[in-house]
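Residue numbers (my numbering), protein chains in the order written: chain A, 1 to 212; chain B, 1 to 253; chain C, 1 to 218.
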Amino acid sequence: MLTLEELVCERDGRELFAPVSIDVRAGDYVELTGANGAGKSTLLRTLAGLHSRYSGAFDSVDCLFQGHRLGLDGLLTPLENFAWFLGFEGRDADRERFLDALQRTGVLNKAYQPCSEMSAGQQRRVAMARWLLSSRSLWLLDEPLTALDASAQQVMAKIIVEHCQAGGAVVCATHSELPVAQKRLLKLEATQRTPDGSVHSGYRDFAKVQDE
Amino acid sequence: MLSASLKRLWHKLGSPRWFFALTESWVKVAGWSALVLLVWGTIWGLGFAPADYQQGNSFRIMYVHVPAAMLAQSLYIGMGVAGFIGLVWRMKLTDVAISACLPLGMVITALALFSGSVWGRPTWGSWWEWDGRTVSTLVLFFLYVGIYALREAIADQELRARASALIAMVGTINIPIIKYSVEWWNTLHQPASFGLTQKPAMPSEMWLPLLVMVLGFYAFAGFIVLVRMRTEILNREMGARWVRDWVQVRSER
Amino acid sequence: MSSLLRREWQVALRAKGAIINPVAFLLLSTTLFVIAAPDTVSSDAAAGILWTLVLLTQLLALDAMYRRDFDSGVLEQTLVSAQVPFVAVLTRIFMQWLSTGFIMVAVGPVLGILLGLPAEATPAIALAMLLGTPALSLLGSIGASVTVGFSRGGVILALLVMPLFLPTLIFGAGLVAAAEAGSSVMPQVYALSLISLVALAIAPFATLAGLKISLEMQ
C-alpha cells in the first residue's frame, strides 16, 4: 500500500533524518513518533504530495490526509463539507451516511451548523467523521489527537482499528500514544550536527509492538 | 554521438563544481574585453564620433542609454530562460544565475532610466517624458523589483528558487505584450516627436561606437554575472571538499 | 467539478462581503477622486481614471483569493485529494472573476456616469469590462498563488501583478476613449481578447505551480 525506499525529507538543503525504508501493508497501523522538529509532519506531507524536497523514493496509493489544518471550510456545514470532499473521490452526497458518521463521532447535533461556529474539538470530530466517509484505504494523520478529549480519543482509536481490520492502513504522527493494541512504531530522530561537523541521525523501526 | 556528448555537457553545466572550474578563464576574458570595449567605445563615442546635426553633443548619452536599455531587457529575459531551465531540468545552478542577474539588472535598468532622463533634458527640455521606451523601461524596472521583493519574502532557498523562476517566466512571456501595448499607447498619446525609439539613418561613424559600447556592456554584464555566480557557488557549497581545497590553494598563492 | 462549483456558490452566498466590499471600495475611491480633482469629471481623463480604479479594486480583492482556503487547510485537501487539481484552480479563478470582474460589467457603466462619461459610452464600458477583467483575474491569480503564504503579501502581490495588468489597462481605457471619440473600437476589442486568451493559456498552470510552492512553505 505504501513503500518507502531510502526516503529522506529535506528542508533548507538539510536532510531531516536518516533514510527511511519501510513497507506498509493492508492492516498496518504505523505510529510515527519523535521529538518536535524531527520531521514527522514533513514526512507525512511528503507522502501526501505536499512537500517535494526529498531524496529517495516512495510509492503509495491514493491517500486520505489529515494535516494540522483541518481542511474544513468554516462557512459550510459538515454536510456541505462532506459533499464537497467526496466530490474528489467521484462519489455522490448521501445524507444518511453523513449523519451516521457524525453520530459515530458524537457531533450529530452540529450537522447543520457552519463549522466556524464549533469548538476546536467539535471540528476535529467532524474531520474524523470525514475519514469514515472516504473510500481511500491509506490514511496519513498528522497529530490527530490535538484538542480531543479522552472519550474522543477512544473513539478515534476504535475507528483506526476498524479501518485497519477492514484492510486499510494508517500512518499516524503523534506525540502521545494511541490506545491501539497492535502497532508498528517508527521513531524519527532529527539529524544533528555535532560541533566538530559530523552528522548524527537515525530512525528506529519497532515492528509489531504489542501492548499489554 | 553528438547528441550524447551534448547531453553530457548539459548535465555537467548543472554541476556547480564543474561550472566553477569552467568559468575560471571565462571571467578573465569577459573582464578584460569589457574593459577594452568600454574604454574604446567611450572615448570613440564621446570624443570622436561626429556631433548630431539636430541635438549637438547631448546625443552622446545614447552611448550609455541604448546599451543599458538593451542589457536591462536581456538580463530579465535571461532570468526567465534560466527559470524555465531550472523548472524543467531541475538545475540548481539556474537559481544562482537568477540571483546574480537580479541586482545587476535593477541597477542597469535604473541607469537606463537615468540616462534617458539626462538625454531628454537638453533634447526636449524636461527631465521626464512618458514616451514608449521610457514607460517600457520603467515597467521592466517594476518587474525586477517584484522578483526582488518576492525573494526577500521567502526564506527557504529551494522554494525561493521555484517562485522566482515561475515569476521570471511569467514576466518574460509578458514583456512582448507589454512592449507592444505601450508602443501602441505611445503612438496615440505622443505626437510624432523625435523619439529615442526612432532609429534615424545613422552614419556608420555614429553607430559603430554604439556597437562597441553595446558589446562592452554585455561583456561587462557577463563579467559581473560570472563573478557573482562563482561567489554564490562558493557560498552555497561551503561545506564541500573541493571548495575547501580551492580556498586553500588560493590562500597559499 | 459540480461539487467544486457548488461549494464556491455556497461560500459566495455566505460571504457576500467578498463581493460587496470591493464595489463599495470602488465607489468610495471614485468619490475621493472626484472631490480631490473635480476637473477630471467629464474630461478626457475620465476613462483612464475609471479603469485605474477598477484595477486597484481588483488588486484588493485578489489578496483574499486563496487566503481563506489556504488558512483552513481546504487548499491542502484539494491538492492532495483531487484527481485533477487543475480543474479546482480553474473553478476558483472563474468564481473570482464572476464575483469581482464580471460584476464590473454592471458597475463600470455606473462609474462611467459618475465620472461624467457620455451615456453613449456605456455599452463600450461594459464591453471593455467583459473582455478585460478575465485577464485581470487570471494574471492576478498567479500573483495571489505565490503570495498567499506571506503575512504582508498584499504589497508584493501588487508589485508582481501591476506590470502584468498594464496592457489590459491600456487597451481597456483605449476602448472607452475610442468609443467616446466615435472611432472604431475593434482594435482594442481584438487586443483585449488576445490578452485575456494568453492569460487563460498561462495562468492556470502558473497558479497551480504557485499554490504548490505556497503550500510547501506552510
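For every residue, glycine included, the Cβ atom is placed at its ideal position computed from N, Cα and C.
Exposed or buried, which one is residue i when buried takes at least 16 other CB atoms within 10 Å?
i, result
"A/Thr105", "buried"
"B/Glu252", "exposed"
"C/Met1", "exposed"
"B/Val249", "exposed"
"C/Tyr190", "exposed"
"B/Ser136", "buried"
"B/Trp119", "buried"
"A/Trp139", "buried"
"A/Glu110", "It should be noted that the sequence gives Lys, not Glu, for residue 110 of chain A. Classification for A/Lys110: buried."
"C/Lys212", "buried"
"A/Ala57", "exposed"
"B/Val88", "exposed"
"B/Trp255", "It is not possible to answer for residue 255 of chain B, since the shown part of chain B is limited to 1 through 253."
Taking DSSP as the reference, what is the three-state secondary structure of residue i?
i, result
"A/Phe65", "strand"
"A/Gln165", "helix"
"A/Glu177", "coil"
"B/Leu37", "helix"
"A/Gly87", "helix"
"B/Glu237", "coil"
"B/Gly218", "Note on residue identity: the sequence assigns Tyr, not Gly, to residue 218 of chain B. Residue state, collapsed to three classes: helix."
"C/Gly182", "coil"
"A/Ala18", "coil"
"C/Val148", "coil"
"A/Glu6", "strand"
"A/Asp94", "coil"
"B/Phe48", "helix"
"C/Leu5", "helix"
"A/Glu189", "strand"
"A/Asp23", "strand"
"A/Arg184", "strand"
At 9 Å on the CB atoms, spell out the chain B contacts of residue i, in chain order.
i, result
"C/Phe219", "No information on residue 219 of chain C is available, as it lies outside the stretch 1 to 218 that chain C covers here."
Might you give, ordered along the chain, the residues of its own chain that have their beta carbon closer than 7 Å to the beta carbon of residue i, omitting 5 neighbours on each side?
i, result
"B/Ser26", "Here the sequence assigns Trp to residue 26 of chain B, which means Ser is not the residue at that position. Answer for B/Trp26: Leu226, listed in chain order."
"B/Trp40", "Val212"
"B/Trp242", "Arg17"
"C/Leu5", "Thr91"
Mind listing the chain C neighbours of residue i? Cutoff is C-beta to C-beta under 8 Å, in chain order.
i, result
"B/Arg162", "Ala209, Ile213"
"B/Gly116", "Correct list: empty, because the minimum Cβ distance to chain C is about 18 Å."
"A/Leu70", "Ser72, Gly73"
Looking at the C-beta of residue i, does it have a partner C-beta in chain A at a distance below 9 Å?
i, result
"B/Gln157", "yes"
"C/Val89", "no"
"C/Gln218", "yes"
"C/Val11", "yes"
Excluding the 5 residues flanking residue i on each side, which residues of the same chain have their C-beta closer than 6 Å to its C-beta?
i, result
"C/Gly149", "Ser214, Met217"
"B/Phe194", "Residue placement at B/Phe194 is flagged as unreliable, the pLDDT there being 44, under the threshold of 50; the coordinate-derived value follows with that caveat. So no residue of the chain qualifies."
"A/Cys9", "Leu16, Gly39, Thr42, Leu43, Thr46, Tyr54"
"B/Ser164", "Ile98, Ile147, Arg151"
For a contact meaning CB atoms closer than 7 Å, what does residue i contact in chain A?
i, result
"C/Leu4", "Gly87"
"C/Arg92", "Correct list: empty, because the minimum Cβ distance to chain A is about 13 Å."
Under 9 Å between beta-carbons, which chain C residues line up against residue i? List them in chain order, please.
i, result
"A/Arg14", "Residues of chain C passing the Cβ test: none, with the nearest at roughly 15 Å."
"B/Ala149", "Val155, Ile156, Leu159, Leu160"
"B/Leu35", "Simply none; closest approach about 34 Å."
List, in chain order, every chain B residue whose beta-carbon is nearer than 7 Å to that of residue i.
i, result
"A/Arg45", "Near A/Arg45 there are no residues of chain B at all, since even the closest Cβ is about 13 Å away, more than 7 Å."
"C/Ile195", "Ile177"
Less than 8 Å between C-beta atoms, sequence neighbours within five positions excluded: which residues of the same chain meet that for residue i?
i, result
"A/Leu217", "No answer is possible for residue 217 of chain A: the residues shown for chain A start at 1 and end at 212."
"A/Arg25", "Met1, Ala169"
"B/Ile224", "Ala100, Leu104"
"B/Ala240", "Arg17"
Give a yes or no on whether the minimum CB-CB distance between residue i and chain C is below 9 Å.
i, result
"B/Met169", "yes"
"B/Ala72", "no"
"B/Leu188", "yes"
"B/Gly146", "yes"
"B/Val139", "yes"
"A/Leu94", "In the sequence on display, residue 94 of chain A carries Asp and not Leu. It does not: the Cβ of A/Asp94 has no partner Cβ on chain C nearer than 9 Å."
Chain C partners of residue i, CB-CB under 7 Å?
i, result
"A/Gly67", "Gly73, Glu76"
"A/Leu50", "Glu76, Leu79, Val80, Leu215, Glu216"
"B/Ile108", "Those do not exist, as B/Ile108 stays about 17 Å from chain C at its closest Cβ, beyond 7 Å."
Using the beta-carbon of each residue, which ones in chain A are nearer than 9 Å to residue i?
i, result
"C/Arg7", "Asp73, Leu76, Glu80, Asn81, Ala83, Trp84, Gly87"
Starting from residue i, find everything on chain B with Cβ-Cβ shorter than 8 Å and list it in chain order.
i, result
"A/Arg53", "Glu158"
Answer yes or no: does any C-beta atom of chain B fall closer than 9 Å to that of residue i?
i, result
"A/Arg213", "This structure does not reach residue 213 of chain A, given that chain A is present from 1 up to 212, and the question cannot be answered."
"C/Thr40", "no"
"C/Leu302", "Summary: the structure shown does not reach residue 302 of chain C, with chain C confined to residues 1 through 218, and so no result is reported for it."
"C/Val54", "no"
Note down, in chain order, every chain A residue with its Cβ under 8 Å from the Cβ of residue i.
i, result
"C/Ile151", "Here residue 151 of chain C is Ser; the residue named in the question, Ile, does not match the sequence. Result: empty, since nearest Cβ-Cβ is about 16 Å, beyond 8 Å."
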